[in-house]
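Below: the structure, in structure tokens.
Residue numbers (the working numbering), protein chains in the order written: chain X, 1 to 440; chain V, 1 to 440.
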């Protein structure tokens, strides 16, 4: 696709463009710093990615799309410019490599993803990719190389299945290649377009120990940091997720002729249950969350007492044990509540994603690095899934969150300031240097 | 359609046929009574109607269908056999008339409807039609005519809009003739098929005072009488109905990254609200009912906190004032509940059906008639709409309910015993005689 001029770009993507309008002012301040992180360069690269696949509805850099290819091409150029050797692996991951001083050591890995959801924004994934590039380029240009080889990665198809990172962990099956992705392609076709190999996808798997460690910077996708005015979040882990189909069975009956006292209204049970889930989850100490996101009453007529209700229940926490304990409690509460008006309740799990704790050394290192730079920070869980979750089965991982204005993501309205991304990149750089010294 | 033999009928419609299997035993007992109500004849006519339009899925005597025409033809024959002059009015109502001894008096009207919902049963409407016919035939055969002319009516299209009775009350608009009815016809085409006039439908309206009064027998469509072992219900009135669209607005957000304490979950508000509606309605003295029958959460994904919820709210009671008071209270509760987690709630009425009280003289007369015959009885509201509701704007009305096994209606599983319908027919007959004496 032909790239628009800056004027066209501003006219077509006002929200995205506005994010970069004040770049030079922030960036000049950071250029004065001596650690090699260049805020102005970071901002101009963020803006360059934002121009690709831009539409009035948002960014369409979906995996394997022309825009995704163009973003990867730009990223490849910047990596090569910084002195990295670039390759694409069988799983479509774009990887730049810089030798270390000790070739016997496994590489340190950093990076995120450049792809977006359909009608997405220009920060989710991009902020981490460009921050990693900036930290890596600073190391390459510093004249003080790491002991470990350094690899910078753009993971393939994070948004629609974490394909690239899951393939490294050996979690992608050949059958997934037939799944549809945005833009009328199968996942296999999208993978082939970026230079991966759908036929050999399972060969992309790495052995545990292949990497010395992985650091990812990502936007928070929640308003905590932005609201509290904290520069970065040090992620303690990525929460586990269990999802259940819940069915409440009562008895459908005429809404005019059936007295209140003899009703077996499945929706009244469902209402009491979902309120109990909300209140119980809030009452427990900790940061677990539980959500009923979908509900349907049958037969669903205004003049018929609902005879059955289907709803979804999702529970997330850093500890799978907490999820299990909450689930046990929800089952107890559900059965008590159901019994009160002669209804039944059943639970069926249909989705499981295991929690991925961050490595204690990485957490401590990120925190100490931030402190040394005067960057305010707080420990927090990641409520959303990330590539780091897959890599955690191969190597110790750490994650940095940067603030998301209003917590918005997967939207053209998502926004993180260049100043915040630059702060994050500096913590990333300092942490890479410290981990390089601490790790074998 | 060719009518099946009795054997074919039994094989094809086991539930309907089973209803009549024990008829002769009940009926012989009632034949010994001296009031002229013939239980065996009543049963054989119920069975004859049940054969028409019978399918394995239930009865399909929808308005204007071949089966509806065949049922009307059979009913016409029985009315004529009893000495009634039969006509069809502009609104498709089939009416048999027997002169009284005082031609200056307005007629007494009794009857119900022969049409069914698609896949319906053989008691809703039919029980009242055949019971009215039986009571009227007993009067005609008694040698003791009434003072008032006596009319027996089969109202056109009760099930899909109460067209016949509403037309008499002047409530049907010409536009309704274009509405679709079951079987691929418009309402106007269905009306023309039974001999009515869609072009002149508004001329079917009658003046108040045209009838001296109206008595309808109907199945209860609720389990109260059957459960409590009471022979008949003396209806105090037909409840009014108001239906509202309720919308709860919160804020959709990521179900993993949004802490419980800052959620503006529209479904939590909706759950608390619908439970409050249920509990408040049950706590008030009286027999009002309120129902949330349909609910939808937006966007409706398991991993997104619902940002908006749409639900229906229906309130029914004999007194419109009670409905209004409950509605006011629900609005208060809804706003209180919504405020608690920073959500909004709005109400929009989209349906109104005014309550139709039965006439005190008619209620007393039905009760006294039942007592005189040793038929156990209880006063009760009608939670469902009936033709009597429309006729109430023209004349005083009374209604008799007979027991519905398990309260089931609009289903091939609906059932009322012949013994109970015969008891109801005897109360109807005795009440017609008493009202004939009491009314001008």
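Using N, Cα and C, we set each Cβ at its ideal position, and we do this for glycine too.
DSSP three-state label for residue 327 of chain X, please. Position 327 of the first chain, counted from the start, is the residue given in the question as residue 327 of chain X. Residue 327 of chain X falls in the helix class under three-state DSSP.
Give me the Cβ distance between residue 121 of chain V and residue 423 of chain V, rounded to the nearest whole Å; I'm assuming they're in contact under 8 Å. Along the second chain, one-based indexing puts residue 121 of chain V at 121. Along the second chain, one-based indexing puts residue 423 of chain V at 423. 20 Å between Cβ atoms; not a contact.
Proximal residues of chain V, C-beta to C-beta of residue 274 of chain X below 8 Å: Looking up residue 274 of chain X in the first chain gives position 274. Here the neighbours are 267, 268 and 271.
Against chain X, with Cβ distances strictly below 8 Å, would residue 22 of chain V count as a contact? The residue you call residue 22 of chain V lines up with position 22 of the second chain. For residue 22 of chain V, the predicted model reports a pLDDT of 46, less than 50, meaning its position is unreliable and no value from the coordinates is stated.
Where residue 178 of chain V and residue 186 of chain V are concerned, what is the direct C-alpha to C-alpha distance, given to the nearest angstrom? Locating residue 178 of chain V in the second chain gives position 178, counting from the first residue. Locating residue 186 of chain V in the second chain gives position 186, counting from the first residue. Rounded to whole angstroms, the gap between the alpha carbons of residue 178 of chain V and residue 186 of chain V is 5 Å.
In terms of alpha-carbon separation, which member of X:44, X:123, X:315 and X:221 lies closest to residue 244 of chain X? Counted from its first residue, the first chain places residue 244 of chain X at position 244. The option with the nearest alpha carbon to residue 244 of chain X is X:315.
Starting from residue 104 of chain V, find everything on chain X with Cβ-Cβ shorter than 7 Å and list it in chain order. Counted from its first residue, the second chain places residue 104 of chain V at position 104. Those within 7 Å of residue 104 of chain V in chain X number zero; the least Cβ separation is about 40 Å.
Apply the 10 Å Cβ neighbour rule to residue 332 of chain X and answer buried if 16 or more other Cβ atoms are within range, or exposed otherwise. Mapped onto the first chain, residue 332 of chain X falls at position 332. Answer is exposed; the Cβ neighbour count stays below 16.
Please tell me whether residue 243 of chain V has its Cβ less than 8 Å away from any Cβ of chain X. Here residue 243 of chain V is taken as the residue at index 243 of the second chain, counted from 1. For residue 243 of chain V, the answer is yes, since a Cβ of chain X falls inside 8 Å of its Cβ.
Closest Cβ-Cβ distance between residue 357 of chain X and chain V: below 8 Å? Looking up residue 357 of chain X in the first chain gives position 357. False, the Cβ-Cβ gap to chain V never drops below 8 Å.
Determine whether the beta carbon atoms of residue 384 of chain X and residue 221 of chain X lie at a separation below 8 Å. Within the first chain, numbered from 1, the residue matching residue 384 of chain X stands at position 384. Within the first chain, numbered from 1, the residue matching residue 221 of chain X stands at position 221. One thing to note: residue 384 of chain X has its Cβ within 8 Å of the Cβ of residue 221 of chain X.
Which chain X residues are close to residue 456 of chain V, counting only those with a beta carbon under 7 Å from its beta carbon? The shown model of chain V, from 1 to 440, leaves out residue 456 of chain V, and the question about it has no answer.
DSSP on residue 31 of chain V, reduced to helix/strand/coil? Translated into the one-based positions of the second chain, residue 31 of chain V becomes position 31. Caution is warranted here: a pLDDT of 46 is assigned to residue 31 of chain V, below 50, making its placement in the model unreliable, and the coordinate value is therefore given only provisionally. Helix.
Between the C-alpha atoms of residue 305 of chain X and residue 89 of chain X, what's the straight-line distance to the nearest angstrom? Mapped onto the first chain, residue 305 of chain X falls at position 305. Mapped onto the first chain, residue 89 of chain X falls at position 89. C-alpha separation (whole angstroms): 57 Å.
Rounded C-beta distance between residue 370 of chain V and residue 232 of chain V? I'm assuming under 8 Å. Walking along the second chain from the start, residue 370 of chain V turns up at place 370. Walking along the second chain from the start, residue 232 of chain V turns up at place 232. About 6 Å; that satisfies the 8 Å criterion.
Distance cutoff 8 Å, beta carbons only. Does residue 122 of chain X sit that close to anything in chain V? Within the first chain, numbered from 1, the residue matching residue 122 of chain X stands at position 122. Closer than 8 Å: no.
Taking buried to mean at least 16 other C-beta atoms within 10 Å of its own C-beta, is residue 184 of chain V buried or exposed? Within the second chain, the letter at position 184 stands for residue 184 of chain V. Flag for residue 184 of chain V reads exposed.
Find the residues of chain X that neighbour residue 314 of chain V, judging by a C-beta separation of less than 9 Å, and give them in chain order. Start at 1 with the first residue of the second chain, and residue 314 of chain V comes out as number 314. What residue 314 of chain V touches in chain X: 255, 256, 302 and 303.
Sort X:189, X:211, X:142 and X:55 by Cα distance to residue 169 of chain X and report the nearest one. Here residue 169 of chain X is taken as the residue at index 169 of the first chain, counted from 1. It is X:211 whose Cα lies nearest to the Cα of residue 169 of chain X.
Short of 7 Å in beta carbon distance, which residues of its chain neighbour residue 76 of chain V, apart from the five on each side in sequence? Order them along the chain. Taking the first residue of the second chain as 1, we reach residue 76 of chain V at position 76. Counting only Cβ-Cβ distances below 7 Å, and skipping sequence neighbours, we find 86 and 94.
Tell me which same chain residues have a C-beta within less than 8 Å of the C-beta of residue 226 of chain X, skipping the five on either side of it? Reading the first chain from its first residue, position 226 is the one you call residue 226 of chain X. 220, 403, 404, 405, 406 and 407, listed in sequence order.
Which of helix, strand or coil does DSSP assign to residue 415 of chain X? For this step, residue 415 of chain X is matched to residue 415 along the first chain. In this structure, residue 415 of chain X counts as coil in the three-state DSSP scheme.
Going by C-alpha to C-alpha distance, which of V:256, V:421 and V:312 sits closest to residue 270 of chain V? The residue labelled residue 270 of chain V in the question sits at position 270 within the second chain. Selected option, being the one with the closest Cα: V:312.
Would residue 399 of chain X count as contacting chain V if we go by Cβ distances under 8 Å? Indexing the first chain from 1 puts residue 399 of chain X at position 399. Not an interface residue.
Is DSSP giving residue 317 of chain V helix, strand or coil here? Along the second chain, one-based indexing puts residue 317 of chain V at 317. Strand at residue 317 of chain V.
Given 8 Å, three or more beta-carbon pairs between the region 145-164 of chain V and the region 112-130 of chain V: Flag = yes, the region 145-164 of chain V and the region 112-130 of chain V touch.
Just the C-alpha distance for residue 290 of chain X and residue 259 of chain V, rounded to the nearest angstrom, thanks. On the first chain, residue 290 of chain X is found 290 positions in, with the first residue counted as 1. On the second chain, residue 259 of chain V is found 259 positions in, with the first residue counted as 1. Cα to Cα, the separation comes out at about 9 Å.
Hey, is residue 163 of chain V's beta-carbon within less than 8 Å of any beta-carbon in chain X? Translated into the one-based positions of the second chain, residue 163 of chain V becomes position 163. Output row for residue 163 of chain V: interface = no.
Would residue 119 of chain X and residue 412 of chain X qualify as a contact pair, given that the criterion is a beta-carbon distance under 8 Å? Walking along the first chain from the start, residue 119 of chain X turns up at place 119. Walking along the first chain from the start, residue 412 of chain X turns up at place 412. The answer is yes: Cβ separation under 8 Å.
Please state whether DSSP places residue 369 of chain X in a helix, a strand or coil. Taking the first chain and counting its residues from 1, the one referred to as residue 369 of chain X is at position 369. Residue 369 of chain X falls in the helix class under three-state DSSP.
When the Cα atoms are used, what is the spatial distance from residue 398 of chain X to residue 361 of chain X? Position 398 of the first chain holds residue 398 of chain X. Position 361 of the first chain holds residue 361 of chain X. Those two C-alpha atoms are separated by around 9 Å.
How many Å lie between residue 353 of chain X and residue 345 of chain X at the Cα? As a working note, residue 353 of chain X is residue 353 in the first chain. As a working note, residue 345 of chain X is residue 345 in the first chain. Their Cα atoms are separated by approximately 24 Å.
In three-state DSSP terms, what is residue 238 of chain V? On the second chain, position 238 is the one that residue 238 of chain V refers to. Correct three-state label for residue 238 of chain V: strand.
Does any C-beta atom of chain X lie closer than 8 Å to the C-beta of residue 1 of chain V? The residue you call residue 1 of chain V lines up with position 1 of the second chain. Residue placement at residue 1 of chain V is flagged as unreliable, the pLDDT there being 36, under the threshold of 50; a coordinate-derived value is accordingly withheld.
Please report the distance separating the alpha-carbon of residue 26 of chain X from that of residue 40 of chain X. To locate residue 26 of chain X, count along the first chain from 1; it is residue 26. To locate residue 40 of chain X, count along the first chain from 1; it is residue 40. Low local confidence applies: a pLDDT of 45 at residue 26 of chain X is under 50, so the model's placement there is unreliable, and no value is given.
Spell out whether any CB of chain V is found under 8 Å from the CB atom of residue 331 of chain X. Locating residue 331 of chain X in the first chain gives position 331, counting from the first residue. Chain V, which has no Cβ nearer than 8 Å to the Cβ of residue 331 of chain X, makes this no.
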